[in-house]
Structures are given as structure tokens and as C-alpha cells.
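Engineer: Chains as they are written, first to last, in the numbering used here: chain B, -16 to 244; chain L, 21 to 671. Glycine included, each C-beta is placed from N, C-alpha and C at the ideal position. Bear in mind that the values here come from a model prediction, so they are computed numbers and not experimental data. My structure is below; once you've seen it, I'll send some questions.
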Ligand SMILES: Nc1ncnc2c1ncn2[C@@H]1O[C@H](COP(=O)(O)OP(=O)(O)OP(=O)(O)O)[C@@H](O)[C@H]1O
Ligand SMILES: [Mg+2]
């Protein structure tokens, strides 16, 4: 616990509000969320369907803009940035793993992975080195020249993860990365995410419905109706114990318990 | 819910998909109707004469074919975009026959709407086209367009057939495809396979080779096998074009991509990768579009050149406004006008003119050291030829220069473009008197130097001319009277060009032994070339808009298919501008390549056909081709605009 206080804050969201709709028919999806994420944390976000998880992730990941509130990433106030700067910021500092992979069908695995650093200052030699490292960690070296439709779901998801990591981001956002995977592939991916988090110190924020998945995290944040309902820290607990704890909260929250079985 | 409700509901919801197809239909109907109206218009029929009526009918059939292909193609794209919907209806339990009935009904509603609007628009714009046509063929009178029932009937009939075709197409789509197929049809692409290296490389090279061979042959086909050569050129170029799109380009792109070793970069990802993804499916349409473009360009440039050069070409054969002999009127047949009568009439109407005397000395002889091309035929004997005095020509206003002693400036308009390949100097040994005299030909002059010439004209200076005339007169030419040695004719030029039509009217287009006058020939040529350029322009416009729209439609579909990619890329942090850069690159390729290859093809075609022209046609060709390119550019810009919309809405 003590150690954590020394760590740098990578993400700080204050009083985040997001509303959809026009006047007269406004729906508040996020209702004032405060969230700190420290460097090197692996944060899980859970909550019933419609709680606003994806919305929160999108807002934090600069893909969407909050209606109110302030977001600091690495000390930069992203809620004030212009679109063009946000794009560059995303490309340089953030990584994304999408639920449905979102790989480009027209590109090979390697081309997909190298895409995020294709316009940056990364030299070709350096890019090649990074690719070899990441492909090795994620076990997709052999598939480098295949096209996405020649891959299994798990391989696609790992490709997607590799693409998220290639630019050495300060933070990775993942929206239900294991949603479409069988339990074995899911476990493999989560294990690699854990490794990347531990060994490379990459901060990860992951939305999931799956209690098993969130048991890999250091911390799980529960959302309900656009507000933070509670938070759980793993601390020194075993994964199994943490998993049980998560299940309990989920049971109280309702909605998603069926998924976790 | 009745079938009608369902149809209306789906049409309302799908308006975005429909408007394209709807537009394609309306466009085809309008143009066809305009054409049919002109075809049936009395003033057009009257002005354009019988032979041109045939050209009109042929063009009508061609137009029909293009319109048919275009509509069927647009319908295919339209159906592909909606295949998911077709699948969905079946998924929720509508039987195939019910889906067919529904789409049929929709198609009929849509088509009759388009037919109605198309004819309406056609009625509005046909007057415009008629005015244009009349202007082109040089008619200044008052024009009325009569509403033509037969044009309406013809259009309705033709489009009923086309609609029947599209309905069958629809039928096939519903019945022939499985649900899975329907659901994936709008997502379909291909994975660029590794080309089998040797075979692909050979085919890739062969494509280029065939095109180059076609080009080469097109410049060297003037021999006995002309017709066979033309077919060979066509076959070789078309096959080469197909291979180019089907193999060569894919092969080159593959090589480029492999070279990159995965470091493709954003621009290439959006252009090369996306193109390779659809190369196979696009090869056919790109080939057709390129060949059509080449044909259209050739047709347009050719006919525009013809129109553009009409006056010049006529002048080449008719250097003087009028040319008459001095023959007393009582010796003339009744329908011919004598010089004296003509001059009197001109004076009576106050039309100023100049009159010069020309002497034409009929000579024979033989050529030495010439290289006339095979198509003109080997020439060693000079016959049917006149020797002419350069100074008299100069006096008559023909500024061709005075040749030096014993040299000839050689004129023969028929030689046309072949002139530039002929060697100079060569010799002509004139044998009409003893002793024979050899002249050196030092220059080819442009065109003819007297009206309605049928053979070579040897222009010499006054001294040489007079000397030879004397020698010929001395030669005892048996009973030949002097005027058979020298023909004296008078060249008349009207001072004010505005009075030329009236003068021509006085002359009455009557035939003298030297043929008609300049103006009536010019007017006739203008009428024919005007009609030709109109038909070519009309068809060209249809070709152009059809091929341009097909490319545009295809790009719209692709843009929609790639929407998710653009969304992902923007989420990954690429800006709209960066994405558009890659997209523009792809558009340059998609629109530029067919245009560029089409242009190249047509340049060679025009070059091969340039022997038909007496004058230089570079300017009109360049103008026609630029116009074509600009319209293509507009389509490319539209397409980029559509992509921009998709990209900016992606996030
Ligand atoms: N673009 C939008 N416009 C209007 N409402 C939206 C939009 N996106 C999301 N919402 C609404 O916001 C609420 C939260 O959506 P969100 O996608 O964040 O939920 P979630 O927690 O991710 O749910 P799930 O677990 O099902 O993915 C939902 O009620 C949804 O209807
Ligand atoms: Mg969600």
C-alpha cells in the first residue's frame, strides 16, 4: 500500500459527466465520476449492462468527449485538447484493444501491428525490433504474414493486443478483450496482459463482464447507473480469493452474475 | 401489413441506397429520350439528309446498349448493397417468392418513376440539345421542337425491356444465393494471394508486351493486311489491358508490398492494400472502363478534329472561293454558269471580288528517288499532273513562295500526313516535250493550289514555266489545239467573307468542269462533321458519365465497406487529414489509371487514324482529351468528398 502512494498518477479524472440526447430528452450516462489510476496499475471496470462502462472507457481514452469534467493523462489536460492534438496524443501515448478486434482486413498481422507507429518518428529498424519482441511475447510470430480472416479469434485478439502495445503507450484501454474468446484463449490473453503489465510496467484499464478476467487486475472498479458503486483492491490476495470477492459484489450489483459462471 | 406497405416502408428507409440507382435510371432515360426525339425531329431529318440518318440510327443502337449495360450494372451494385436486406427478409420468415414479389414491385415503382421523370427532364432539355445540334451543323434559322409521341413510345418500350432485365437480375439474386452468401456479399473482398511467381511475372510482362505490340502495330499497319492488322491491334491491346489490370498491376503492387516487409505505412495501407484486396473483382470492370474510355476518347478526338479542321481541310482542296474557265456562255450547257454571267451577277449585287488568271500546263513524266508509302501505291510515272506558274499563284493570293530555277514545289493535298515521311529532294523528269527536262523537287507545299485538283501540281517559277510552255507548244502535238496544252482558268476570291454565302448562292452550286465552289463544299462538310461531332459528343457524354458513375458507385460501396477500418484508424489516433491523404492516393489510382491508359490507347489510335486528315489535329485532340480528363477529375473529387464524409462520420 505504501509503495503505491509513491507511484506517479497516469490518469486522473475529476467529476466526469456524459450526457446523450438533446434538450428535453437528455440521458445522463456518466454522473460525476472521479478516478485515479497510478502508473503500472491494472484496473478492471465492471458493472451491469448499460452502466456506462464503454462510455467511460471511450471518454477516458479520448475517443469521446465528456460533457463536463476534467481528465489528466500524464499531466496533460485532454479535455481541453483540440481534435488534431488528441489524435496525435492517442497515437503516441495510448493503446487500444477492442472487443471485436477491429483489425484491418486488408492488412497482414504484421502490417496491422506496425500501423500505429507508421507515421511517427520510430525508425524502421527500431520498429522491426519492437515487432519481434511483442510478437514473441504474444506468440504470433508464426502468423506475421497471415491475413486476419486466416486467424482464430484468440490470435486476432492477441494481434489486436500487439497493435495496442507497439507504440509503447503509457496506458492501454481494453473493452471486453476476452468477450469473444473461449476460456482457454481468454486465460492466455489475460496472462500476457498481466505479464506486459508487470514486466513492462504498462498501465492497463480493462472493461469486462467476466469475474475471472477481472481477477487478473490489481483493482476492480464497479459502475452502476453511471456512478462508481465500489472498488476492490487485490492487494496480496490470491487470484482465487479475489475472484470470490468480485463475485460477491457482482451478486449485490446484480445483472451480470450469470456471465461469470 | 400488405406488400405495398412493406415496399413503401423499405423504400423510405433505404432512400440513401435508392437515389443512386434512381439517378442512374433517370439519367439513362433522359438521354435516350433526347436522342429519340432528335431522331424523329423533322428539321433534323431534313437537315441531316439520308446518309446521316443511318449514322443516327446506328448511334441510337449503341446508346441503347450502353444505357442497358449501365442500368444493369448499377442495379447489380444496388442489389449487392442491399443483399443483407434481402437476406434479412428471408430470415424473418418471408418466402423467397414473396421477397421477389416485393422487390419486383419496388423495381417497377422505381423504374416507372424514373421513366416518368426521365422523359419529363428529356422534354425540357431536348430543345437545348437541338439548338446545339443546329448550331454545330451551321443552321441559324428558327427552331421548334415538336413533342414527339413516337419518341416517348420508343423510350418506354426500350426501358420496359431494360426493366425486365433488372427484374430477372433481382430474381437471380434472391433465388440463386444462400442466406450466408447474402449476408456476406457486401463485405466481400479477397485476400491478396501470393502470386505464383514465375507464371505471374510472365503474364504481367505479357500484358505490357501485348499493349506495346498493339501500339507498334498501329503505327505500322499500312499494308495489304490493313483490316487484319486493325483487328490484331484491337485484340492485342484489349487483351493486354485486361492482363494489365488482372495480373500486372497486382503483381507490381505485390512486389512493392513485399519489399516493405510489413512496414507498410498508413498511406499504403489505405491505397495499395485496399486496392489489392479488390483487384480480382475490379479487373473486369476496369478493363471495360479503360477500353470504353479509349474508344470514346478516340471517337471524340477524331470527330472533334474533323469538325475543327473542316474549314482548313476544305481550303486544302479549294484554295480559291471560285474557279471558272473562260468559256463563252453559248457553249455551256444550260445548268452551268459562265464566268461572264457570274461576274455580272456579282457586280449587280455589289459584291467585291478579286480575279486572277491561272495557266495550267498539263504534263507527264516520271519520278526518281521517291519513297511513296505502299498505301498510296508505288509511283514511278507522273500523270494527270499540271505545271503551274508560282507568280500567277502569288497574284491570285496564294502565298506559297517562288521556287528557284529548275526546282519544283510539289503540291498534292491527298498525300495528307504521309508527306512528313517522304524523302526530299527527289527528281521529276518531265517528258511532255523533247528534250526531257529534269526538275528537282525541293519542298512539299500544303494542300492543292487550284480547286478540285485530282493529281500532283508542280509549281515552278515564271521563267521555267514560260520556257517549258514554249517547248511544249513547239513540240508538234499533232492536232491538239493550244488550249489543250495550256488551260486558262480564273480564280475568284470574294473580298468580304460575309458575302461569300450570297456569292455561292448566285453561283448556285452549279458544276463547272472544275467542280463546285468552296463555300458549298464547306457548308456540306460542316453539316456532316457537325452531325458527327454531335453524335460522338452525345455518345461520349453518355460513355463518360456511365463509366465515371460506375467508378463512383464502386467507390461509394467501398467507402461504406471500409467504414469500420476508418473508425478503427481514427480510434488509433490517425487524423481525418492523414486518412484522406491515403484515400486520395487510392482515388488517383482508381480514376487515374483507366483514364491514363485509355488516353494512351486513344493517342495511338488517333495517330494511326491521322492519315484521314489533311491537316494537323494536335490542338483539337488535346482539347477533347482535356475535356474528358476534367470530367473524370470531377468524378474523382466527388468520390473523395464521399470518402471524406464517411471518414468524418466514422468516429
Ligand atoms: N451514442 C449514444 N447515444 C445515445 N445513448 C448512448 C450512446 N452510447 C451509449 N448510450 C447509452 O448510454 C448508456 C451506457 O452505454 P454503455 O455502452 O456505456 O454501457 P455499457 O456499460 O458498456 O454496457 P454493456 O455492458 O452492455 O456494453 C446506455 O443506456 C446506452 O443506451
Ligand atoms: Mg460496453
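Could you give the residue range of the beta strand (DSSP E) that holds residue 575 of chain L?
Structural biologist: That residue, residue 575 of chain L, is in no beta strand (DSSP E); its alpha helix (DSSP H) goes 538 to 581.
Engineer: Mapping the DSSP letters down to three states, classify residue 373 of chain L as helix, strand or coil.
Structural biologist: Strand.
Engineer: Are residue 6 of chain L and residue 341 of chain L closer than 7 Å when you measure CB to CB?
Structural biologist: In the structure as shown, chain L begins at 21 and stops at 671. Residue 6 of chain L is therefore absent and cannot be evaluated.
Engineer: Which residues does DSSP pair with residue 156 of chain B in a beta bridge?
Structural biologist: The partner list for residue 156 of chain B (beta bridge, DSSP) reads B:79, B:188.
Engineer: Identify each residue in the stretch 170 to 189 of chain L for which the Cβ-Cβ distance to at least one residue of chain B is less than 7 Å, and report them in chain order.
Structural biologist: If the cut-off is 7 Å between Cβ atoms, the stretch 170 to 189 of chain L has nothing near chain B.
Engineer: In angstroms, rounded to a whole number, what distance separates the CA positions of residue 467 of chain L and residue 413 of chain L?
Structural biologist: Going from the Cα of residue 467 of chain L to the Cα of residue 413 of chain L covers about 13 Å.
Engineer: Report yes or no: is there a C-beta of chain L within less than 7 Å of the C-beta of residue -15 of chain B?
Structural biologist: Here residue -15 of chain B scores only 44 on pLDDT, less than 50, and its place in the model should not be relied on; the value that follows carries that caveat. Output row for residue -15 of chain B: interface = no.
Engineer: Compare the C-beta of residue 299 of chain L against all C-beta atoms of chain B and say whether one is closer than 7 Å.
Structural biologist: Output row for residue 299 of chain L: interface = no.
Engineer: Start and end of the beta strand (DSSP E) containing residue -3 of chain B?
Structural biologist: -8 to 3 is the extent of the beta strand (DSSP E) around residue -3 of chain B.
Engineer: Thinking C-beta only, is residue 556 of chain L closer than 7 Å to residue 326 of chain L?
Structural biologist: Result no, Cβ atoms of residue 326 of chain L and residue 556 of chain L do not sit closer than 7 Å.
Engineer: Ligand 2 and residue 37 of chain B: does any heavy atom of the ligand fall closer than 6 Å to the residue's C-beta?
Structural biologist: Yes; taking the cut-off as 6 Å, the Cβ of residue 37 of chain B has a heavy atom of ligand 2 nearer than that.
Engineer: By Cβ distance below 7 Å, which residues in the same chain neighbour residue 44 of chain B in space, the five residues on each side in sequence not counted?
Structural biologist: Cβ within range, chain order: 77, 79, 156.
Engineer: So residue 323 of chain L is in the beta strand (DSSP E); what residue range does that whole segment cover?
Structural biologist: That residue, residue 323 of chain L, is in no beta strand (DSSP E); its alpha helix (DSSP H) goes 299 to 328.
Engineer: Return the residues of the stretch 283 to 314 of chain L that lie within a Cβ-Cβ distance of less than 8 Å from chain B, sorted by chain order.
Structural biologist: Answer in chain order: 283, 284, 285, 286, 289, 293, 294, 296, 297.
Engineer: So, under 8 Å CB-CB, residue 54 of chain L and residue 145 of chain L are touching, yes? Tell me the CB distance rounded to an integer number of Å.
Structural biologist: Sure, about 6 Å apart at Cβ, within 8 Å.
Engineer: Select from L:577, L:625, L:644 the residue whose C-alpha is nearest the C-alpha of residue 96 of chain L.
Structural biologist: Ranking L:577, L:625, L:644 by Cα distance to residue 96 of chain L puts L:577 first.
Engineer: Would you kindly check if the distance between the Cβ of residue 238 of chain L and the Cβ of residue 60 of chain L is under 7 Å?
Structural biologist: Not closer than 7 Å, so no.
Engineer: Sorry if obvious, but does the Cβ on residue 12 of chain B come closer than 6 Å to a heavy atom of ligand 1?
Structural biologist: Under cutoff, so the answer is yes.
Engineer: Can you check DSSP and say which residues form a bridge with residue 405 of chain L?
Structural biologist: Per DSSP, L:383.
Engineer: Hey, is residue 217 of chain L's beta-carbon within less than 7 Å of any beta-carbon in chain B?
Structural biologist: False, the Cβ-Cβ gap to chain B never drops below 7 Å.
Engineer: Does residue 40 of chain B come within less than 7 Å of chain L when only Cβ atoms are used?
Structural biologist: It does not; no Cβ of chain L falls within 7 Å.
Engineer: At a Cβ threshold of 7 Å, is residue 46 of chain B touching chain L?
Structural biologist: So yes, residue 46 of chain B belongs to the interface.
Engineer: Three-state secondary structure (DSSP) at residue 98 of chain L?
Structural biologist: Residue 98 of chain L falls in the helix class under three-state DSSP.
Engineer: Please determine, among L:128, L:316, L:386, the residue with the shortest C-alpha to C-alpha distance to residue 446 of chain L.
Structural biologist: It is L:386 whose Cα lies nearest to the Cα of residue 446 of chain L.
Engineer: Name the residue from B:163, B:-1, B:47 whose alpha carbon lies nearest to the alpha carbon of residue 138 of chain B.
Structural biologist: Measuring from the Cα of residue 138 of chain B, the nearest candidate turns out to be B:163.
Engineer: Please report whether the beta-carbon of residue 107 of chain B lies at a distance below 7 Å from any beta-carbon of chain L.
Structural biologist: By this cut-off, residue 107 of chain B is an interface position.
Engineer: Under a Cβ-count criterion, where at least 16 other Cβ atoms within 10 Å of its own Cβ denotes burial, should residue 432 of chain L be classed as buried or exposed?
Structural biologist: So residue 432 of chain L ends up on the buried side.
Engineer: What's the call for residue 146 of chain B, buried or exposed, on a 16-neighbour Cβ count within 10 Å?
Structural biologist: With 16 or more other Cβ atoms within 10 Å, it is buried.
Engineer: Residue ranges of each alpha helix (DSSP H) run of no fewer than 4 residues wholly in the stretch 157 to 184 of chain B, ordered along the chain?
Structural biologist: Runs found: 166 to 183.
Engineer: With DSSP as the reference, please indicate the residues paired to residue 672 of chain L in a beta bridge.
Structural biologist: The first residue shown for chain L is 21 and the last is 671, placing residue 672 of chain L beyond what the model contains.
Engineer: Nearest CA to the CA of residue 492 of chain L: which residue from L:271, L:381, L:228?
Structural biologist: Taking only the C-alpha atoms, the option nearest residue 492 of chain L is L:381.
Engineer: Quick one: list the residues of chain B neighbouring residue 672 of chain L, beta-carbon separation under 8 Å, in chain order.
Structural biologist: Given that chain L is displayed from residue 21 to residue 671, the structure contains no residue 672 of chain L and the question cannot be resolved.
Engineer: Taking residue 644 of chain L as the reference, which of L:23, L:198, L:119, L:324 has the closest Cα?
Structural biologist: Residue L:324 is the option with its Cα nearest to residue 644 of chain L.
Engineer: At what residues does the alpha helix (DSSP H) containing residue 229 of chain B begin and finish?
Structural biologist: Element bounds for residue 229 of chain B: 222 to 236.
Engineer: Quick check on the DSSP output: the beta strand (DSSP E) that includes residue 41 of chain B runs from which residue to which?
Structural biologist: That residue, residue 41 of chain B, is in no beta strand (DSSP E); its alpha helix (DSSP H) goes 36 to 43.
Engineer: Report the CB separation of residue 670 of chain L from residue 601 of chain L in whole angstroms; it is logged as a contact under 8 Å.
Structural biologist: Not quite, the Cβ-Cβ distance comes to about 15 Å (not below 8 Å), so this is no contact.
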